[in-house]
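The listed protein sequences derive, respectively, from chains C and Y.
Residue 64 in the numbering used here sits at position 62 of the first sequence, with consecutive numbering throughout.
Residue 71 in the numbering used here sits at position 14 of the second sequence, with consecutive numbering throughout.
Every residue gets a Cβ at the ideal spot worked out from N, C-alpha and C, and that includes glycine.
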Amino acid sequence: MATTSLPVERETSRTAKAPRRRLGGGLMLLPPLALLFIFLVLPLILVLVYSFYTLNPITGLMQQDFSLQNYKDIVNSSLYLKIFWRTFQIAIVATAVALLLAYPMGYAIGAVAPPRLHGLLLLLVIIPFWTSYIVRTYAWIGILQSHGFLDSLLGWVPGLPTELLYTRTAVIIGFVHVYLPIMILPIFASARNLDRRLIEAAQDLGASPWRTFWRVTFPLTLPGIVAGIVLFFIPTFGSFVTPQLLGGTGDLMVGNVIADQFGEAFNWPFGAALSIVMTIVVIIGMAIFFKFADVDAIYG
Amino acid sequence: MSSEIDVSIRDVVKRFGVMTAVDHVSLDIHRGQFVTLLGPSGCGKTTTLRMIGGFEHPDEGEIAIRGEPMGNRPPHHRDTSMVFQNYALFPHMSVADNIAFGLKERKKPKAEIRERVQEMLRLVELPEHGGRRPKQLSGGQQQRVALARSLVVEPTVLLLDEPLGALDLKLRRQMQLELKRIQERVGITFIYVTHDQEEALTMSDRIVVMSAGKIEQEGSAEEIFERPRTRFVADFMGAQNILDADVVDADAQSARLRFGGGTLAVSEAGLLPGETVGVMIRPEKIQLSADGAGVPATVHERVYKGATMSYQLALADGTRLVADSMHGDHAERFAPGDMVSVTMQPRDLVVLRGVPVQGA
């Protein structure tokens, strides 16, 4: 059989550099950069400076010196290590529970529901944000307390846990409820962009629905999952209201300790040092996470 | 022609809401053939293809592959494979992993997978591209990867849904020939969906012309082009001259038709006097002369087309006609405004029925 000669095609390169942005684009960046500087960089510098101050042991007033004592106290105390570890555990469990709920929901809205319903369904997801986070957390007290709403509803079922208030479970429930929407949104976005034909192609090549999910749907919605995890984990890790209101004494998190240093103990330098440590821990944690969940590798 | 039937479609109906996409279609597709479902958008060709692949299920009727009724069997339990319109390559996998996808699902050993992926890359002439990502390839290259990904699982039937639609014309023409070459080499039944009649003529062993969910005509490329049975098929295949004619009288083998102020004999059986039919004639089959032996016509326009001269004619009743004549040394030339005489041979006239005629 004669072989037909192949057309020589011009390689279409989509990795080519975008044309240089015009100067106007740079100018437009100025206001947001200024805002970021005033409300993020400047306070952070302030906190960093405070963290090197000390308290005068006699007067209890802040002394503007440069000392690493606060950091030494944190590193040398097993108490803070324990609290960091506990905070990490609570945040991880809450993130995992939230992902189990957010993924099916975000996927269903983005890839199963007809596009004309997207706006309405997303509105329903976001509506809880219209009520203050503290009010909603207080509502959980009424639901979870002993002889509360949940007990009166399900208390008669043998084997179900009752009196959940002031337990680790209550804290997790509170976190999942408060931050679930911000995890659903990025998952929705990646599910909506998923090409239906890729799923059909996988099934056509012999993959069962379950295998199709693992080999195509899941990897292609991974960017949304990664974004959702980050958006959920970070505020959870730094939160102090939820454990304060719903948790017991054994459920206090780093955020509570920091809040106490500022609000109760009036040891701002130590609170500032704890804040800096927490920020560094979160940054390192996220760096490890991004290394592990290499989103760029998915699209090469 | 092989007599074994790979796909048998029996009286299949598919509705979407109030719309009937596929309306009582029956079709047999023989092993090893390149069959094209041809028609305008919305004619039901893609729905028919998707039903064979298992992406849609018939509301009525039955589809059988190699004699086995498919029922509502899902795509991953069918021995078919689809090449999608925009390739549907997995963006998160390399070209080689895309091709290996189906083999991995079939739990083939790693060494065999590697070997067959290389073999496929060679078949589609992309041996060095296995490590690339799909989006690093051009449209034509992606198209070939999609083809390799489907062929490597050795399907009973390969389904192709307008796979060349996104390519430019030059590349399309080259890919048409290449597809045909690959089909002949692998010997698998190809069912190809397109709205492009030229593409269908170039590649197909059989063409099935569809319109409004029904089969208008099925036949070889030559039959479809030379002897269309319906007005729709003639029009869709690009016929330039379709005339309305009334049957004056008819016997068992032939009939006399009146049109455009003249009468002509056709060798067509089964016509009834008084019936209105369409008559198709190819522009190159019309003879023009200056003397008055045929139907009189006026030359409206003359277009020089290189090898031929094309004349736009008007018959006495205003009917338009296009005639192409080779302009050799001896050919007569006519100018706009000239009166000419049109003659057509009965064997060149193709009678078209308004009603769809099914089967071959």
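- Annotation for R315 (chain Y): the continuous beta strand (DSSP E) segment containing it runs A312 to F316.
- With 16 or more other CB atoms across the displayed protein chains lying within 10 angstroms of its CB, A278 (chain Y) is buried.
- Only residues of its own chain outside the window of five on either side were considered, and among them D63 and T213 have a CB closer than 7 Å to the CB of R123 (chain Y), listed in chain order.
- Taking the beta carbon of F112 (chain Y) as reference, the chain C residues within 7 Å of it are E202, listed in sequence order.
- Excluding five sequence positions before and after G250 (chain C), the CB atoms of its chain that fall closer than 7 Å to its own CB belong to Y168 and T169, given in chain order.
- A121 (chain Y) is bridged by DSSP to Y:S65 and Y:P126.
- Interface residue (Cβ-Cβ distance to chain Y less than 7 Å): P237 (chain C) is not classified as such.
- For Q65 (chain C), the three-state secondary structure derived from DSSP is strand.
- Residue pairing by DSSP places T246 (chain Y) opposite Y:V214 in a beta bridge.
- K102 (chain Y) has its alpha-carbon roughly 11 Å from the corresponding atom of I109 (chain Y).
- DSSP links F292 (chain C) through a beta bridge to no other residue.
- For Y52 (chain C), there is no enclosing beta strand (DSSP E); the residue is part of the alpha helix (DSSP H) that begins and ends at L44 to S53.
- The three-state secondary structure of D80 (chain Y), taken from DSSP, is strand.
- For the 7 Å CB-CB criterion, I248 (chain Y) and I264 (chain Y) do not form a contact.
- Look at Q274 (chain Y) here: in three-state DSSP terms it is strand.
- Secondary-structure assignment with DSSP links V290 (chain Y) through no beta bridge to anything.
- Beta-bridge partners of F73 (chain Y) (DSSP): Y:M76.
- Per DSSP, R263 (chain Y) is one residue of the beta strand (DSSP E) stretching across R263 to S268.
- Shown here, L224 (chain Y) sits in coil according to DSSP, grouped into three states, outside any helix or strand.
- Annotation: the continuous alpha helix (DSSP H) that includes H179 (chain C) extends over R170 to R194.
- When the alpha-carbon of G295 (chain Y) is set against those of Y:V305, Y:A309 and Y:M337, the nearest one is in Y:M337.
- R199 (chain C) has a beta carbon lying within less than 7 Å of a beta carbon in chain Y.
- Within the region 91–124 of chain C, no residue has a Cβ lying closer than 8 Å to any Cβ of chain Y.
- In this model, L44 (chain C) and P33 (chain C) are separated by some 15 Å (Cα to Cα).
- As the crow flies, the alpha-carbon of L258 (chain Y) is around 29 Å from that of T400 (chain Y).
- Below 8 Å, too few C-beta pairs join the region 231–240 of chain C and the region 151–169 of chain Y to call them touching: fewer than three.
- Per DSSP, reduced to three states, the secondary structure at H87 (chain Y) is strand.
- The beta carbon of G331 (chain Y) lies closer than 8 Å to those of D303 and V304 in the same chain, with the five residues before and after it left out.
- Within the region 206–268 of chain C, there are no complete beta strand (DSSP E) runs of at least 3 residues.
- Remark: C-beta atoms of A78 (chain Y) and G270 (chain Y) approach each other more closely than 7 Å.
- Look at the region 145–164 of chain Y: the residues with a C-beta under 7 Å from a C-beta of chain C are A145, F147, P148, H149, F158, G159, E162 and R163.
- Excluding residues up to 5 positions away in sequence, I156, M177, L178, L180 and V181 lie with their Cβ nearer than 7 Å to the Cβ of A205 (chain Y) in the same chain.
- Rounded to the nearest whole angstrom, the CA to CA distance from G319 (chain Y) to A203 (chain Y) is 55 Å.
- A straight-line Cα-Cα distance of about 25 Å links T105 (chain Y) and R284 (chain Y).
- Counting only residues of its own chain and dropping the five nearest sequence neighbours on each side, E165 (chain C) has a CB closer than 6 Å to the CB of S148.
- Against chain C, a Cβ distance below 7 Å from V210 (chain Y) picks out L207 and G208.
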